[in-house]
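Engineer: Encoded as structure tokens, here's the structure I'll be asking about.
2 protein chains.
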Amino acid sequence: MPANSMSRQDTSNKLFFRLFQAVNIIHRTGTQALKQFDISTQQWSVLGALSREGCEEGMTVNELSDYLLVSRQNLTGVLGRMERAGYIARQVNPRDQRSRHVILTPCGSEVWQIIQPAIADFYQASLQGISEGRQRHTIALLEDLVGNMKQP
Amino acid sequence: MPANSMSRQDTSNKLFFRLFQAVNIIHRTGTQALKQFDISTQQWSVLGALSREGCEEGMTVNELSDYLLVSRQNLTGVLGRMERAGYIARQVNPRDQRSRHVILTPCGSEVWQIIQPAIADFYQASLQGISEGRQRHTIALLEDLVGNMKQP
DNA sequence: CAATTTATGTCAACAACTTGCCATATTTAG
DNA sequence: CTAAATATGGCAAGTTGTTGACATAAATTG
Numbered sequence: 003m004p005a006n007s008m009s010r011q012d013t014s015n016k017l018f019f020r021l022f023q024a025v026n027i028i029h030r031t032g033t034q035a036l037k038q039f040d041i042s043t044q045q046w047s048v049l050g051a052l053s054r055e056g057c058e059e060g061m062t063v064n065e066l067s068d069y070l071l072v073s074r075q076n077l078t079g080v081l082g083r084m085e086r087a088g089y090i091a092r093q094v095n096p097r098d099q100r101s102r103h104v105i106l107t108p109c110g111s112e113v114w115q116i117i118q119p120a121i122a123d124f125y126q127a128s129l130q131g132i133s134e135g136r137q138r139h140t141i142a143l144l145e146d147l148v149g150n151m152k153q154p
Numbered sequence: 003m004p005a006n007s008m009s010r011q012d013t014s015n016k017l018f019f020r021l022f023q024a025v026n027i028i029h030r031t032g033t034q035a036l037k038q039f040d041i042s043t044q045q046w047s048v049l050g051a052l053s054r055e056g057c058e059e060g061m062t063v064n065e066l067s068d069y070l071l072v073s074r075q076n077l078t079g080v081l082g083r084m085e086r087a088g089y090i091a092r093q094v095n096p097r098d099q100r101s102r103h104v105i106l107t108p109c110g111s112e113v114w115q116i117i118q119p120a121i122a123d124f125y126q127a128s129l130q131g132i133s134e135g136r137q138r139h140t141i142a143l144l145e146d147l148v149g150n151m152k153q154p
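Keeping their order, the protein sequence lines are chains A and B. Residue numbers for the first sequence, in this note's numbering: 3 to 154. Residue numbers for the second sequence, in this note's numbering: 3 to 154.
Structure follows, in structure tokens:
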């Protein structure tokens, strides 16, 4: 049976199943890598979002939701825990009293710096033996996939 | 700045961030696609695992855990809900009284058949404009990634 | 054979994700 | 300007993911 006899449906199936598997094990492995810093993978993603250039003034909950592709309601909980931990602060926007600017505290910035070596190790171990070309193919596919799903 | 100047670290970062985004939106979109059948994406994965050829006799919780890459403890809850819904049954293994064989009920098999068109539509919409070559590159990357993470 | 170790599945507690609903604030219509 | 529509964030309930602890069954070791 030649390798190319896999049907389109089989390919799609396999792709989504591997995504499912990968995410589960990434969640577990990533959580372990960050355990020593008392931080979750989702808190990592929030720290990363707020540490980007141009975010010195913070992001609103809606902007974070659009960027991370999780619901506002989910962020309420995550941000609450991060605020309690002292990593972020929520400031009411004087121009729009409904919205809050979520900003990194100095402690949050420090944590972001401190975890970088662990992140680098995590990347190195996970992507060992995987070519950058293949990584770029995957990035392109994921961006198209997200684009397709954002449509409605 | 040439396109290839992106550092290895930047590539890894982007890859994991896109994975994170993609999974969040896949979860949302997949849940919506299955909503009419009163089934979650995880229950879908369990139905798919048990519907494979060679699984007529069912799988143990440990086998499902190894296959789906989620914890046994998590499966306890998922399987409990699926049993209550009538999609699966848990049979004690006479050879080993600790283990239980999880098998599809006729109702579970029927549901699996019924959702196939919705799954096909979901695949079609998500992967629109994405070449099979790129899909295969991604599958290969994900398999290597999972392999790397299984190591310890 | 008895005692320890290992394997299996479950319960409990917690984080994170979803949707539905709501209070409040801003914007838009009339 | 008032009234309706929209936008923002949070609360609640439910599912899924994790780890730690446990009872029971099987396998190993003395």
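The C-beta atom is built at its ideal place from N, Cα and C for all residues, glycine as well.
Using a Cβ-Cβ cut-off of 7 Å, state whether residue 27 (chain A) counts as contacting chain B.
Structural biologist: Yes, residue 27 (chain A) lies at the interface with chain B (some Cβ there is under 7 Å from its Cβ).
Engineer: For the candidate residues A:131, A:140, A:83 and A:62, whose alpha-carbon lies nearest to that of residue 102 (chain A)?
Structural biologist: Residue 102 (chain A) has its Cα closest to that of A:62, out of A:131, A:140, A:83 and A:62.
Engineer: Are any of the Cβ atoms in chain B nearer than 7 Å to that of residue 120 (chain A)?
Structural biologist: Cβ-Cβ to chain B under 7 Å: no for residue 120 (chain A).
Engineer: Mapping the DSSP letters down to three states, classify residue 4 (chain B) as helix, strand or coil.
Structural biologist: With a pLDDT of only 48 at residue 4 (chain B), under the threshold of 50, the placement of this residue in the model should not be trusted; the figure read from the coordinates follows. Coil.
Engineer: State whether the region 11-18 of chain B contacts the region 30-48 of chain B, with contact taken as three or more CB pairs (one from each stretch) at a distance under 8 Å.
Structural biologist: Flag = no, the region 11-18 of chain B and the region 30-48 of chain B do not touch.
Engineer: Could you check if residue 82 (chain B) belongs to the surroundings of the ligand COA, using beta carbon to heavy atom distance under 6 Å?
Structural biologist: Looking at this structure, you won't find the ligand COA or any other ligand, since it has none at all.
Engineer: Below 7 Å between beta carbons: does that hold for residue 104 (chain A) and residue 149 (chain A)?
Structural biologist: No, the Cβ-Cβ distance between residue 104 (chain A) and residue 149 (chain A) is not below 7 Å.
Engineer: Report yes or no: is there a C-beta of chain A within less than 7 Å of the C-beta of residue 150 (chain B)?
Structural biologist: By this cut-off, residue 150 (chain B) is an interface position.
Engineer: Check residue 132 (chain B) in the structure and name its three-state DSSP category.
Structural biologist: Three-state DSSP puts residue 132 (chain B) in coil, outside helix and strand.
Engineer: So residue 90 (chain B) and residue 52 (chain B) are in contact, right, with Cβ under 8 Å, and what is the actual spacing, rounded?
Structural biologist: Yes, residue 90 (chain B) and residue 52 (chain B) are in contact; Cβ-Cβ is about 7 Å, under 8 Å.
Engineer: Could you give the residue range of the beta strand (DSSP E) that holds residue 101 (chain A)?
Structural biologist: Residue 101 (chain A) -> beta strand (DSSP E) spans 98-106.
Engineer: How big is the Cα-Cα spacing for residue 3 (chain A) and residue 39 (chain A)?
Structural biologist: Bear in mind that a pLDDT of 46 at residue 3 (chain A), under 50, signals an unreliable position, so the model cannot answer this.
Engineer: According to a CB-to-CB cut-off of less than 7 Å, which residues of the region 123-135 of chain B neighbour chain A?
Structural biologist: Residues 125, 127, 128, 129, 130, 131, 132 and 134.
Engineer: Using a C-beta to C-beta distance shorter than 8 Å, which residues of chain A count as neighbours of residue 179 (chain B)?
Structural biologist: A query on residue 179 (chain B) cannot be resolved here, the shown segment of chain B reaching from 3 to 154 and no further.
Engineer: Applying the 10 Å Cβ sphere with the 16-neighbour rule, what's the burial state of residue 26 (chain A)?
Structural biologist: Burial call: buried.
Engineer: Who pairs with residue 90 (chain B) in a beta bridge, going by DSSP?
Structural biologist: Beta-bridge pairing links residue 90 (chain B) to B:106.
Engineer: Could you give the C-beta distance for residue 55 (chain B) and residue 10 (chain A), rounded to a whole number, given that I count them as a contact under 8 Å?
Structural biologist: Between residue 10 (chain A) and residue 55 (chain B) the Cβ distance is about 20 Å, and since that is not below 8 Å, they are no contact.
Engineer: So the candidates are A:153, A:23 and A:115; which of them puts its Cα closest to the Cα of residue 68 (chain B)?
Structural biologist: If we check each option's Cα against that of residue 68 (chain B), A:23 comes out closest.
Engineer: Count the other CB atoms within 10 Å of the CB of residue 128 (chain B); is the residue buried (16 or more) or exposed (fewer)?
Structural biologist: Burial call: buried.
Engineer: Are the Cβ atoms of residue 109 (chain A) and residue 88 (chain A) separated by less than 7 Å?
Structural biologist: Going by C-beta atoms, residue 109 (chain A) is nearer than 7 Å to residue 88 (chain A).
Engineer: If we call anything under 7 Å between Cβ atoms a contact, is residue 140 (chain A) one with residue 143 (chain B)?
Structural biologist: Contact: yes.
Engineer: If we define contact as Cβ-Cβ less than 7 Å, is residue 39 (chain A) a contact residue for chain B?
Structural biologist: No, no contact with chain B.
Engineer: Looking only at its own chain, which residues have a Cβ that is under 6 Å from the Cβ of residue 94 (chain B), when we skip the five neighbours before and after it?
Structural biologist: Around residue 94 (chain B): 102.
Engineer: Please report the straight-line C-alpha distance between residue 8 (chain B) and residue 37 (chain B), rounded to a whole angstrom.
Structural biologist: If you take the alpha carbons of residue 8 (chain B) and residue 37 (chain B), they lie about 41 Å apart.
Engineer: What is the residue span of the alpha helix (DSSP H) that residue 65 (chain A) lies within?
Structural biologist: Run containing residue 65 (chain A): 63-70, per the alpha helix (DSSP H) assignment.
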